[in-house]
Amino acid sequence: MFGRILDFEVKGNKVYIRFEKNEGRIEVVSSAIINVFSPLRYDDHYSRAVESPVTEKCDFKAVDGSGFIQITTDDLTVKVFDNFAVDFYDKSGLLLCEDYRGERAPFTRRGNVSIAEAEGHAALKNSGKHEIEIIKKLFGDEKFYGLGDKTGNFNKKGHEYEMWNSDVPEPHVETHKSLYKSIPFFITLREKSAFGIFFDNTFKSYFDLGKENSEYFYFGADEGNLDYYFIAGPEIDQIISNYTKLTGVVPLPQMWTLGYHQSRWSYAPESRVMEIAKGFRENDIPLDVIHLDVDYMDGYRVFTWDNERFPDPRKTTEALKRDGIKIVTIIDPGIKKDKGYSVYDEGLKNDFFATDPDGIPYVNAVWPGDSVYPDFSDSRVRDWWAENQKIMIDSGVSGIWNDMNEPASFKGPLPDDVSFKNDGRPTNHKEIHNVYGHLMSKATFEGIKKHTGKRPFVITRACYAGTHKYSTVWTGDNQSTWEHLRLSIPMLLNLGLSGQAFCGCDVGGFFSDTSAELLSRWVQVGCFSTLFRNHTAIGTRDQEPWAFDKKTLCINRKYIKLRYKLLPYLYDLMWECENTGLPPMRPLVLHYSQDSNVHEINDQFLFGRSILVAPVVEQGKRYRSLYLPEGTWYDYWTKESIEGGRAILRDAPLDVCPIYIKAGAVIPNYPPQNYVGEKKIDELTLDIYPGDSSYCHYEDDGESYGYRAGKYNHYRFTQHAGDSTVIKIEKPHKGYAGSYKTFKVVYNDSNFTKVCFNGSPIESKIQGSAIEFIIPAEEGTINLEV
Ligand code: MIG
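Okay, here's the thing in structure tokens:
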């Protein structure tokens, strides 16, 4: 496709390379990020993911080697050869990644497949050749992570995937190549290195990570630009930070969005919603959000209410708010083709809908029957959609749930030639499909932001790379099965590594009937996922925390309360996420990449740096083996200390999710609340575990953008542990009035008996193996002595 190198020229951060047949470009985005580009479709990047300029000024050299061009930055050396083969080395000269110099050679499939088809088996086919194909050599030591919401195990090696947003109502299994989301970004971990690759192409794309041949992996697409970013490691956290420099970070959400959400397809009419709200309060279970599914609308017309079921939405939402409960409503993209329905009429008048090639609005069917599809690739339509959010906001809705935006369609898939305006670059469905949900979410976010002035809460099912700037996601229609509880962990971990750090799955499972035991175990995972929402389908058995027996209720209550206790810790993690891109829910490999025992763990994860969770994900299991990485860990329930770097066995009765805390951890805890903001938190508990460490706690008003103007506080706790222990408290940033008057310190695993704060003795009491005391919430020094 490229032929021999003829010559090259450096302009700014780009090296323009003339090949016999095409032009290639290497752009030094930063010393650790290299873009490989060829203008096969547009003359320059045309990205829906990388929205603001990211190129940093940095020194690099481009020289003529013999037979190749060598580009050197502080972190990387890139060698470009004939046929636009590109090899990457780290600064020590270690080869990280090289283009495979042969042709693709898929394995042979044997037998007459049509015989199997007769029984209904889908014929398996090897993926054909693609217009754009980047084939990289496999050295054999690779692990692959990321790629969004793909099914299967955490490590994607040996599998193939496609990026084509798909509504998949049937059970999600390992052989599915695509689900709702397209995040064409993955991380490759090798023995002594790691790197990331982001293939920024919105057409259907293909990823084969060593399935068809163990000599290479490849990614490709049939159209669009050749446009990928190589992101240097060696640490996985650096790769994620650099990936989110390109695609943006998850902005700090309002704190209530991190509380517990209850949902069900069929919460209607109003009295049923009130009954659910009451159920939580009567059963002493915290709740911040109830979601209303399609049932609230008037004949599935978006931005309307069914006046019989919800006679006065504003009154309903206000009554719920008095009890701390916020309403989130679903909005689908499909607009009922219905003269007289204002949203349809307005869209039609203004040419806001995707059309067939003749310019006639394209019609398919979704919930309301015949429907048209807003063209979110047109900024005028996004502005209109943003304005429409006001209708919901005015009725007191606090967040918007975007469903069906793959886009889904009941009368077959949208044809390739459905036309979109694409912000002045008219195109068809093939280019827009994978960003349809992304652009819808962006419009929703902008609208809520404009009309509330607060940090918007949006959930979307479909997304592309970079959607995390605008929206949280859930993993779509899972099933109430143990298999899907297990699947949710690698899925959420890979979403987090793909930038989409604010994510969750339907706790309890969506389709089919959950069981008491399954719900009990699922809430133990949900407790630690950023989006914590129980949701189920219409017609399934009840799935609220009290839907089963008393024991199940108690287990739900225990973990939902634990979530509320840990909220300040999770909020700290969200702050960290906005600043570094790191997800709160993390695979162990993120912090222990040198330990090969953690590279493929599918059923354990970290919650920030300090908490390790090893949930039970098998029916009937009342103990489990788990792996603790190096260092000292504390069993959260017994406070027993355990040396890591080995596997252990832990009892796990149904109400126990094994949780471990890293030595040195400072975990901020809130007192019990029914919902976020119920109480003014004047005392923050600090749950501290011995060990040298430093921890930063973040505090702000929990809802506004004031923090962007410095209206927040940072508290730093630095611990020097030993025969006598010193904990220094500093306030490196003071920008917010704050509500803490005191800190209640719970210092675990202690034989200390004396406490001083700023030199004066402080009263304390021994509680089990901990010493507890209260100090003013001020800067100072705590001294602990025997
Ligand atoms: O295909 O609105 O994934 O969460 O409850 C059904 C009804 C359409 C799919 C979503 C699901 C939601 C359901 N929707």
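Position one of the sequence shown corresponds to residue 4 (my numbering), numbered consecutively onward.
By construction, the Cβ of each residue, glycine as well, lies at the ideal position given by its N, Cα and C atoms.
Computed from a predicted model, the values in this text were never measured in an experiment.
Backbone CA spacing between residue i and residue j [nearest angstrom]
i           : j           : result
residue 137 : residue 222 : 5 Å
residue 460 : residue 533 : 13 Å
residue 501 : residue 608 : 16 Å
residue 486 : residue 237 : 34 Å
residue 710 : residue 360 : 47 Å
residue 646 : residue 635 : 5 Å
residue 107 : residue 143 : 17 Å
residue 493 : residue 590 : 8 Å
residue 62  : residue 518 : 60 Å
residue 255 : residue 325 : 25 Å
residue 396 : residue 304 : 17 Å
residue 333 : residue 315 : 18 Å
residue 783 : residue 290 : 36 Å
residue 9   : residue 75  : 20 Å
residue 651 : residue 602 : 17 Å
residue 206 : residue 185 : 10 Å
residue 498 : residue 277 : 34 Å
residue 385 : residue 426 : 10 Å
residue 151 : residue 187 : 8 Å
residue 730 : residue 689 : 12 Å
residue 610 : residue 433 : 38 Å
residue 191 : residue 199 : 6 Å
Residue burial classification, residue i (beta-carbon count within 10 angstroms, cutoff 16)
i           : result
residue 134 : exposed
residue 503 : buried
residue 54  : exposed
residue 369 : buried
residue 756 : exposed
residue 77  : exposed
residue 317 : exposed
residue 723 : exposed
residue 464 : buried
residue 544 : exposed
residue 164 : buried
residue 712 : exposed
Cβ-based neighbour list, residue i, same chain, cut-off 8 Å, excluding 5 preceding and 5 following
i           : result
residue 484 : 174, 512, 515, 521
residue 752 : 637, 642, 644, 692, 693, 772, 773
residue 13  : 19, 65
residue 388 : 377, 379, 443, 446, 447, 450
residue 94  : 77, 78, 79, 80
residue 308 : 299, 300, 301, 316, 398
Cut-off 6 Å between Cβ atoms - residues of its own chain near residue i, not counting five sequence neighbours on either side
i           : result
residue 775 : 749, 768
residue 719 : 699, 733, 735
residue 584 : 243, 244, 247, 252
residue 682 : 676
residue 617 : 607, 629, 661
residue 82  : 71, 73, 90
residue 620 : 488, 489, 606
residue 687 : 671, 743, 746
residue 28  : 17, 19, 40
Member of the options whose CA lies at the smallest distance from the CA of residue i
i           : options            : result
residue 372 : 337, 288, 756, 390 : 337
residue 328 : 97, 639, 279, 671  : 279
residue 272 : 265, 291, 282, 297 : 297
residue 197 : 146, 31, 209       : 146
residue 37  : 67, 100, 86, 46    : 100
residue 226 : 202, 704, 232, 249 : 202
residue 347 : 364, 333, 156      : 364
residue 60  : 285, 102, 787, 17  : 17
residue 374 : 178, 390, 344      : 344
residue 551 : 653, 391, 120, 286 : 286
residue 235 : 476, 193, 215      : 193
residue 33  : 15, 42, 47, 702    : 15
Same chain only: Cβ atoms within 7 Å of residue i, ignoring 5 sequence neighbours per side
i           : result
residue 457 : 257, 706, 707
residue 561 : 658
residue 141 : 213, 217, 218, 219, 220
residue 7   : 22, 23, 85
residue 663 : 615, 631, 636, 637, 638, 639
Neighbour flag for residue i against chain B, beta carbons, 8 Å
i           : result
residue 769 : Looking for chain B here will not work: only one protein chain is present.
For the segment 569-588 and the segment 666-674, state whether three or more C-beta atom pairs, one from each stretch, are separated by less than 8 Å. By the Cβ criterion, the segment 569-588 is in contact with the segment 666-674, since at least three pairs of Cβ atoms, one from each stretch, lie closer than 8 Å.
How about the segment 345-356 and the segment 405-420: do they share at least three Cβ pairs that are nearer than 8 Å? Under the Cβ criterion (8 Å, minimum of three pairs), the segment 345-356 does not count as touching the segment 405-420.
Contact the segment 399-409 vs the segment 424-443: 3+ CB pairs below 8 Å: Verdict: yes, contact present.
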